[in-house]
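Remarks on the structure that follows.
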Amino acid sequence: MAYETPANSRETRQEGPLGDDAAEYAALAADLRAAVDGAVRFDEYARVLYATDGSIYRARPAGAVEPRDVADVQSAVRIAADHDVPIIARGAGSSLGGQAVGPGCVVLDLSTHMDGVVEIRPEDRRAVVQPGVVQDDLDARLAPHGLKFAPDPASSNRATVGGGIGNNSTGAHSVRYGITDEYTERLDVVLADGSRIETREVVLDSPEWDRIVEGDSREAELYRTVRRLVEDNETEIESRYPDLKRNVSGYNLQKVIYRNEDGERAINLSKLFVGAESTLGIVVEAELSLVTKPAETALALYCFEDLIDALEAVPVALEYDVSAVELMDDEVFRLARDSEQYATYEEPIPEGTAAALMVEFDSELVADFEAAISRTNERFLESGTAFDAIEAYTDDAQADLWKLRKAAIPLLMSLEGDPKPYPFIEDATVPPEELADYTRRFEEILAAHDTSAAYFAHAGSGTLHIRPILSLKEGEGIQTMRSIADDVTDLVVEHHGAFSGEHGDGLARTEFNPKMYGETLWEAFRELKTAFDPDWRMNPGKVVYRDAEPTDMREHLRYGEGYSSLESQTELDFSDEGGFAHLVELCNGCGTCRQTETDVMCPTYRATGDEMTTTRGRANMLRAAISGDLSEDELYTERFQTEVLDLCVGCKGCKSDCPTGVDMAKLKTEVKHQYHEREGSSLRTKLFGRIDRLSWLGSLTAPLSNRATAIPGSRRVLESVFDIAADRSLPRFADESLREWADRREPTISAEEADRKVLLFPDTYTNYNYPKPGKAAIRVLEAAGVHVRVPSEVVASGRAAYSVGLLDIAKERAHTNVDVFTEYIDEGWEVVSVEPSDAVLFQDEYADLVDDSAVDIVAAHSYGVCEYLDVHRLVEGLETTDQTTSLTYHGHCHQHAAGKDHHAVGVLRRAGYAVDPLDSGCCGMAGSFGYEAEHYDLSKAIGELLFEKIRASDGEQVVAPGGSCRSQIGDGSGEIPPHPIEMLDRVVIR
């Protein structure tokens, strides 16, 4: 099966300004645009998009540049200097300390184009990369060689290597591997004047050293300055830098000069740029050392009745050959238990667990996992204070425990209300043996400030993530944050720790660096900064600051004391989300919506690479619109609708994939409705919102209706009048609808004979365009002993109207159907849908449209057809023929969001099929989206991402439950694939 490959939309995305440049920076923007090949974005929207990162901070930049190459970076740095404007390098913008934001700066987004893997040298375990490459993408390239880049931050599925270098990142396995500076061997760096320097290991006083430092070059001056600062401050460095596996506060003066493997004293300025947060220069290429990837791992999770007991067990765990030691507390377990997304992973946790310690072993350190865990069991269970243990040896079992651990942050950030567990002192690090006492003292600080916190930790490295719960929309909460930070940094110094063991200084912790390092090293930091950046324009206010411009963690907050947002009257019910504004504000900027290889979110970003098309980008724009950061009417402008909302395809992936559950599809639908109410709706919107009427007429007049669109020139007319893409294949109309077919046949099992009774909902596409899956569903259900009726009393589901924001129509239809369904349900019937989007509409969105307890009854008795067969185990009673056909299964986005996409795979497998379920994301058709002329190319580009995964699958036959998905796949291959129920129908013996 061949799939047509469209042009890559990343190559056709708009490179010029999307709106007018900010007047105060117009000259700067013009000069940049004349000098660089990449996009220069100084319009108001771009400034909103780049004003935040994954932290609690917000500061509007002057604008952003997307460099295409090193020359662009150099030009941008020089021009910014000419205009006396600061400059910041940015990767995924997932930083938690505010490193990637700054007022009035030029942001260099290195993730858009400078994202390549330049070279892999497996023989010496080295890779050369550009700064914008995503770490998981790099690891995927390294995997065939059995290698990986060792630091593994939780954000590795979207975080860039350049960002990791700037931050000196690490992750759960720092116990085993350490942090980024240990693997950064050579850097190509653009300095503050636009010149370049290549940093690498240089043996001190060698001929190479002499060649570098002779003369008056910039490079010579930097090498001499760094050596002098380190050697002059050797005693202070020895006493002030903590002896920890993790310390990413300040500059790496303790690591820049060292003894190499040959025992020679060497200097490598690369170590200095790592963790410098782009305050000394901008990394444009990096050579990294790599490690082998262990073939296998095993986990043991030890349960304790007391948090302190768990922390006291950490040093004991480190006596063994462990690769990770992680901690979770009961608040994480409680939130997971109440979460639809994470409850499954919490189920094995025994009742009474106040804290759990998760210990990992890998096959490079341990030969016999069961023996290793037996030894730790004896130590923790028999001789220690743990009361239970969960052992995990399979990949799936371990993945479930890791998902629970990694769920900590999203679960905490999804707390209702304005008080949130904010990250500002949450990665302080102390020696592991001092964790228990440190935590006791920390709890005293929290109590003194009348607040609480949740605990999770990279315990093996002494990094305890504690996020105090505060409201940063109130002056009192802001002052409490500063007071807690001041007390905690005193406590950290007392315990010989680091203010940051993972997330860096940024705006959150820079002001406390003088306390940690003392006046002598603080002055050395400032001298170092001046040597590399004489005018202090490189990401100012991070790591170090001038006395005249001190960094204050209370400034540039995303919310802050003066923040307010509009909570207007909405058509949809947002009470479960705490209101429209609260749902918008749930976005914490972590950037999970930028990951591209798994799950669904966010389809248009995957095809364009444009920050605006992420869930984060849209949430930032909505927050700006409702908080006054944009003008009051901006929400209802054509530009906002077109650029911000229209490229959301309504896949609902963000509802499940976003760590805090930002349901952008729902937000978009509400705003589109308000826009239609205010400005009116187009002919095309009205047509798509009432597509059932056109489909009824098309089926009634078929086959004449099918011939009409084949008339030469008819498709161009359709495009000119309705903006429906002329190149998109249109669905054909069936000359007999599903309802008509069902009415003229006799059921094979009566209601009296049947074990169960089902209303098979006649969705528009199945009813009027493609009845085959509906017919197959009836035959299979009857074979399973179910009486089936296709009701005539119902109306179209309202999904089409809901998707385009015609909520008055969607609401009217929802009320009608709920009334009909309820009567049937009261008599023992259940509602089953062939079309997944309608099944999820009944289960989910109807509750936002209908204010009646009956809607909950409908939701509880509504199913997708494969879900129904699976939940009630009906396939087990069917007799099927032997199967040799293997299937490639592409699921539906809405069922993925609802956690129900697995049912079809289970049903097909129990019927004897071998099934390869793709982790494929949205197909790009998305209802009417793929028919819209202005979105046709983008729809095809999203579809190509699916086609790539189909081509890589070994399945002989593609199956997909969604009508839109089957249309997109049919357009790409020339053959519309069957619905899973059709494949089941083929093998059922009657």
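Under the numbering used here, think of the first position of the sequence shown as -16, with each following residue one higher.
Heads up, the beta-carbon is just placed ideally off N, CA and C, and yes, glycines get one too.
Once you ignore the five residues that flank residue i on each side, which residues in its own chain have a CB closer than 6 Å to its CB?
i, result
"residue -3", "Annotation note: pLDDT 41 at residue -3 (below 50); position unreliable, coordinate value reported separately. Same-chain partners within the cutoff: there are none."
"residue 79", "37, 38, 406, 486"
"residue 773", "722, 725, 743, 745"
"residue -12", "The predicted position of residue -12 is uncertain, since its pLDDT is 42 and thus under 50; no value can be drawn from it."
"residue -10", "Residue placement at residue -10 is poorly supported in this model, since its pLDDT is 40, which falls under 50; the coordinates still yield a value, given next. Hits under 6 Å: none found."
"residue 413", "421, 445, 478, 480"
"residue 73", "83, 90, 92"
"residue 556", "831"
Between which two residues does the alpha helix (DSSP H) containing residue i stretch?
i, result
"residue 908", "Segment: none, residue 908 is in no alpha helix (DSSP H) and carries neither H nor E."
"residue 392", "391 to 396"
"residue 948", "946 to 956"
"residue 758", "755 to 766"
"residue 276", "First-last for residue 276: undefined, no H or E at that position."
"residue 694", "Per DSSP, residue 694 belongs to no alpha helix (DSSP H) and is neither H nor E."
"residue 921", "919 to 935"
"residue 248", "Careful: residue 248 lies outside any alpha helix (DSSP H), inside the beta strand (DSSP E) at 248 to 250."
I'd like the list of long-range same chain contacts for residue i, defined as Cβ closer than 8 Å, with 5 residues on each side in sequence excluded.
i, result
"residue 580", "119, 120, 123, 140, 902"
"residue 296", "285, 287, 340, 363, 367, 368, 369"
"residue 799", "777, 778"
"residue 384", "282, 284, 328, 341, 373, 375"
"residue 268", "53, 101, 111, 112, 113, 114, 170, 171"
Where do the ends of the beta strand (DSSP E) carrying residue i lie?
i, result
"residue 341", "338 to 345"
"residue 1056", "Beyond the ends of the chain as shown, which are -16 and 973, falls residue 1056; an answer cannot be given."
"residue 103", "100 to 104"
"residue 821", "Residue 821 -> not in any beta strand (DSSP E); alpha helix (DSSP H) instead, spanning 819 to 823."
Could you tell me if residue i is buried or exposed, where buried requires 16 or more neighbouring beta carbons within 10 angstroms of its beta carbon?
i, result
"residue 488", "buried"
"residue 854", "exposed"
"residue -1", "Because the pLDDT of residue -1 is 39, which lies under 50, any placement of that residue in the model is unreliable, and the number read from its coordinates should be weighed accordingly. Counting Cβ neighbours within 10 Å, residue -1 comes out exposed, since fewer than 16 surround it."
"residue 126", "exposed"
"residue 951", "buried"
"residue 82", "buried"
"residue 782", "buried"
"residue 704", "exposed"
"residue 548", "buried"
"residue 289", "exposed"
"residue 241", "exposed"
"residue 428", "buried"
"residue 351", "exposed"
"residue 207", "exposed"
"residue 972", "exposed"
"residue 377", "exposed"
"residue 552", "exposed"
"residue 156", "buried"
Since residue i sits in a beta bridge, which residues does DSSP pair it with?
i, result
"residue 438", "449"
"residue 845", "814"
"residue 270", "111, 169"
"residue 940", "870"
"residue 286", "339, 371"
"residue 403", "453"
"residue 770", "740"
"residue 130", "275"
"residue 915", "707"
Identify, in the order they occur along the chain, each residue of the same chain with its Cβ nearer than 7 Å to the Cβ of residue i, setting aside the five sequence neighbours on each side.
i, result
"residue 964", "756, 759, 760, 763, 817, 848, 849"
"residue 417", "478"
"residue 34", "41, 42, 43, 44, 84"
"residue 349", "304, 355"
"residue 918", "912"
"residue 453", "402, 405, 434, 460, 463, 464"
"residue 641", "575, 576, 584, 598"
Residue i CB to nearest chain D CB: under 7 Å?
i, result
"residue 181", "In the displayed structure, chain D is absent; only one protein chain is listed."
Secondary structure, beta strand (DSSP E): runs of 3+ residues fully inside the segment 463 to 521
Counting only runs of at least 3 residues, the segment 463 to 521 fully encloses no beta strand (DSSP E) element at all.
4 or more residues per run - each alpha helix (DSSP H) lying fully within the segment 523 to 568:
Counting whole runs of 4 or more residues, the segment 523 to 568 contains the alpha helix (DSSP H) stretches 563 to 568.
Let me know the alpha helix (DSSP H) ranges lying completely inside the segment 169 to 235, each 4 residues or longer, listed in chain order.
As far as the segment 169 to 235 is concerned, its whole alpha helix (DSSP H) runs of at least 4 residues are 190 to 196, 201 to 215, 217 to 223.
Please list the segments of the alpha helix (DSSP H) lying wholly inside the segment 26 to 74, counting only runs of 4 or more residues, in order along the chain.
Counting only runs of 4+ residues, the alpha helix (DSSP H) found wholly inside the segment 26 to 74 occupies 27 to 32, 53 to 65, in chain order.
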